[in-house]
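The structure appears below as C-alpha cells.
Numbering (our numbering), first residue to last: 26 to 137.
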C-alpha cells in the first residue's frame, strides 16, 4: 500500500510540473536548448545553511527574454530536490563558472 501511495504522489508531482510548465510557456518561457545558448548547461550555486556553505548543483532548464521593463531570466533547477529558481544575468555567469571550475565556495563570497 505504501508503494502505491508513493506512485500516486509521483504522478501528482508530474501533473503539477506539466501544469507549471504550460503556465510558464504562456508567460513567454522557453525550455528548448535552441531558445538560448545557456539552456541545458550545468550550474553550481552556494547557499548558507546553518552557518555553513552548502553547494547546490543544477541545470538551466528555461529562459525568458527581456521584454519592456522586464529583464531576461534563466530558470535553474537544483539537482536532487528539483527546486526551481530564477537567475538574473548577474547570477547566471557565476553559477556557470562555479560549475565549470568545480568551486567549493563562491569566488566573491556571495551566497544565493
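Ideal Cβ positions, reconstructed from N, Cα and C, are used throughout, including at glycine.
Mind the definition here: the segment 48–57 touches the segment 111–120 only if three or more C-beta pairs lie below 8 angstroms; say whether that holds.
No: the two stretches stay apart, fewer than three of their Cβ pairs being nearer than 8 angstroms.
Using a threshold of 9 angstroms, state whether the C-beta atoms of residue 135 and residue 71 are closer than that.
The residue labelled residue 135 in the question sits at position 110 within the chain shown. The residue labelled residue 71 in the question sits at position 46 within the chain shown. Contact: yes.
Tell me the start and end of each unbroken beta strand (DSSP E) in the segment 88–118 that is at least 3 residues and wholly inside, in chain order.
Fully enclosed beta strand (DSSP E) runs of 3 or longer: 98–103, 109–112.
For the beta strand (DSSP E) that residue 71 lies in, which residues bound it at each end?
On the chain shown, position 46 is the one that residue 71 refers to. 67–74 is the span of the beta strand (DSSP E), which, as asked, contains residue 71.
Is the CB-CB distance between residue 67 and residue 99 below 9 angstroms?
The residue you call residue 67 lines up with position 42 of the chain shown. The residue you call residue 99 lines up with position 74 of the chain shown. Contact flag unset, no.
Alpha carbon to alpha carbon, how far is residue 53 from residue 91?
Taking the chain shown and counting its residues from 1, one reaches residue 53 at position 28. Taking the chain shown and counting its residues from 1, one reaches residue 91 at position 66. C-alpha separation (whole angstroms): 10 angstroms.
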